[in-house]
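Shown next, in the form of structure tokens:
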């Protein structure tokens, strides 16, 4: 045993050094190391540079994407008048007399996002309240990871589910509903963002200190009164930020709406009819045979830019809300 | 302990009061477990109304647990089991049909660390009245003024009622928490080491406040600070390892305790 230890040490460091070390005290060994550590101080200087480059690459990529979007969008507007894009309510880029009014796509996008939030907010918030305020530690520890797994399901799966499962059920309830419609993908986009809202809101609510809850309980408040009148106001910024991020996600959602929402850019508020969202249009145009340099090709960038502005606005709003309404506790 | 009381001389006013005045609490044979840890063992204690009862003892002796049992806050912890009897003014608080919300409206609590809500000073005070159905603005205004005055913090806050309570100092926050508790006009106030997180000046203010509040309320105060217990309480209970070693008039406990452990503790030999 001893022999093998010695052998191991010999192989690792060399016998002489081992002899040497055994004579030195710990403080001497530390001194030796910190004095003559040229290589480690080189690493200390190198690593910040490496990490800085990593950070720089991600920022530059984003900037690059935004600039590409911007330049191609400018090219688009040199072919199509600005006024047509914002004033027209018809989007027919594939017609012989193409119309480029963005509003039908915005309408489709916002309708899907609206339906999605109608589903996601009550269920997501309800789940968050249950997990944070009512569930036992054991239930919370089981349910929360499951929720987070749900968030990892590929959206194409949700899209198929909407088209082949939800739509037939809705069609049997609502007569005259189209196969492609806004309601079914809207509901499923909502289902998709429930875990996100639940998880983020739950984080916000469980970070409210217990002492504050106890203060309310000690005044004779019921659990519901503590939740609604103390915990939720205190966690409001996090809860609202989760909603805004949910909207942002719903606006940017692509596969579900492409699969189940149809491809009819129409100005309508009827959720039973087919619509087209900005993202679905981009999918349609990139799959078709729009040649490089054609107005359709550039329209992808214009729509992409509009989409970017929407999600950027939402993210900024979430950022603003979470700072503006932050409760100090 | 009971027999001792009977032999006491006439000038023992507080103990006379303890025997004659109506009881705010009557605790009998209270046992409490945290899972397998028997934290309170056969606690029996009578708490007379309109007096200050101090509970002293070293860390981990069960004094905080005991005071939290009095308004059933210990139930928040799922591993806690209790048996025995606590009567709050003749009502058994562990009875099935006894409302814990009612108990907590009658028995206010002030915690070790000030825990105001992240709301305005005004909203902190009106939270209690509001959840119990008082919505009328004028009444709420009156409650705020009266409660803050009683908690001796009105002058410091009257011009900033709409500001967030977290802008107050620690001592002010603690007095705000007292005001919050007074707003629903409780009968009893439980204080769990209310000054341990405060500076000496704030501590003094809270102590003066306790003296003042004693006229209208029954106060049970847990404290680490024996001088504090000596200064402000009428009777003192010494807890050690989950049992009451001695409960008597405060003067008696601090001048001539019956038990060796009490003497050791108050003379600073341990704890």
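Protein chains in written order, with the numbering used here: chain A, 77 to 405; chain B, 3 to 273. Ideal Cβ positions, reconstructed from N, Cα and C, are used throughout, including at glycine.
query	result
In the DSSP assignment, what residue or residues form a beta bridge with residue 88 of chain B?	B:29
Only counting the same chain, and skipping five residues up and downstream in sequence, which positions put a Cβ closer than 6 Å to that of residue 214 of chain B?	none
Residue 287 of chain A versus chain B: which residues are under 7 Å apart at the beta carbon?	113, 115, 117
Once the 5 residues before and after residue 247 of chain A are set aside, which same chain residues still bring their CB inside 6 Å of it?	253
Quick one: any contact between the region 218-228 of chain A and the region 287-306 of chain A, if contact means 3 or more CB pairs under 8 Å?	no
Taking C-alpha atoms, which residue in A:104, A:165, A:251, A:106 lies nearest to residue 348 of chain A?	A:251
Please confirm whether residue 303 of chain A has its beta-carbon closer than 8 Å to some beta-carbon of chain B.	no
Could you name the residues of the region 218-250 of chain A whose beta carbon sits closer than 8 Å to any beta carbon of chain B, in the order they occur along the chain?	none
Okay, do the region 265-277 of chain A and the region 197-214 of chain A touch, 3+ Cβ pairs below 8 Å being the bar?	yes
Ignore the nearest five residues each way along the sequence and tell me which others in residue 194 of chain B's own chain have a CB closer than 6 Å to its CB.	66, 69, 113, 114, 224
Closer than 7 Å by beta-carbon distance: list the chain B residues that pair up with residue 298 of chain A, in chain order.	103
Output, in chain order, the set of chain B residues within a Cβ distance shorter than 8 Å of residue 293 of chain A.	75, 78, 106
Going by C-alpha distance, which of A:278, A:153, A:235 is nearest residue 220 of chain A?	A:278
Determine the extent of the beta strand (DSSP E) in which residue 241 of chain B is found, giving its start and end residues.	237-242
Go to residue 49 of chain B, then tell me how far its beta strand (DSSP E) extends in each direction, as first and last residue.	39-50
Which residues mark the beginning and the end of the alpha helix (DSSP H) in which residue 408 of chain A is found?	The shown model of chain A, from 77 to 405, leaves out residue 408 of chain A, and the question about it has no answer.
Secondary structure at residue 93 of chain B, three-state DSSP: helix, strand or coil?	strand
For residue 118 of chain B, I'd like the list of residues in its chain whose CB is within less than 8 Å of its CB, leaving aside the five on either flank, ordered along the chain.	126, 167, 168, 170, 175, 178, 179, 182
Hey, does residue 98 of chain B have any beta-carbon neighbour from chain A nearer than 8 Å?	no
Within 8 Å of any Cβ in chain B, is that where the Cβ of residue 333 of chain A sits?	no
Have a look at A:336, A:377, A:364 and flag the residue whose alpha-carbon is nearest the alpha-carbon of residue 233 of chain A.	A:336
DSSP three-state call for residue 175 of chain A: helix, strand or coil?	strand
Counting Cβ pairs, one atom from each stretch, are 3 or more of them under 8 Å apart for the region 37-54 of chain B and the region 242-251 of chain B?	yes
So residue 212 of chain A contacts chain B; which residues on that side make the cut at Cβ distance below 8 Å?	80
Going by C-alpha to C-alpha distance, which of B:141, B:257, B:188 sits closest to residue 228 of chain B?	B:257
Tell me the rounded alpha-carbon separation between residue 198 of chain B and residue 221 of chain B.	17 Å
Does the region 205-212 of chain B come into contact with the region 29-36 of chain B, if we say contact requires no fewer than three beta-carbon pairs (one atom in each stretch) closer than 8 Å?	no
State the CB to CB distance for the pair residue 295 of chain A and residue 74 of chain B, rounded to an integer number of angstroms; the pair is presumed to be in contact (CB under 8 Å).	Contact flag wrong, Cβ pair sits at about 13 Å.
Taking the DSSP output, what are the residues bridged to residue 193 of chain B?	B:112, B:223
Should residue 188 of chain B and residue 109 of chain B be called a contact, given that it needs their Cβ atoms to be closer than 8 Å?	yes
Closest by CA to residue 55 of chain B, which one among B:163, B:266, B:255?	B:255
Going along chain B in order, which residues have a C-beta closer than 9 Å to the C-beta of residue 310 of chain A?	119, 120, 121
Hey, residue 231 of chain B and residue 47 of chain B are a contact pair by Cβ (cut 8 Å); roughly how many whole angstroms apart?	Not quite, the Cβ-Cβ distance comes to about 15 Å (not below 8 Å), so this is no contact.
Measure the Cβ-Cβ separation of residue 354 of chain A and residue 145 of chain A and say whether it is below 8 Å.	no
Can you list the residues of chain B that residue 215 of chain A reaches, using a CB-CB cut of under 9 Å?	None at all; the shortest Cβ gap to chain B is about 12 Å.
Is the shortest distance between the beta-carbon of residue 360 of chain A and the beta-carbons of chain B less than 8 Å?	no
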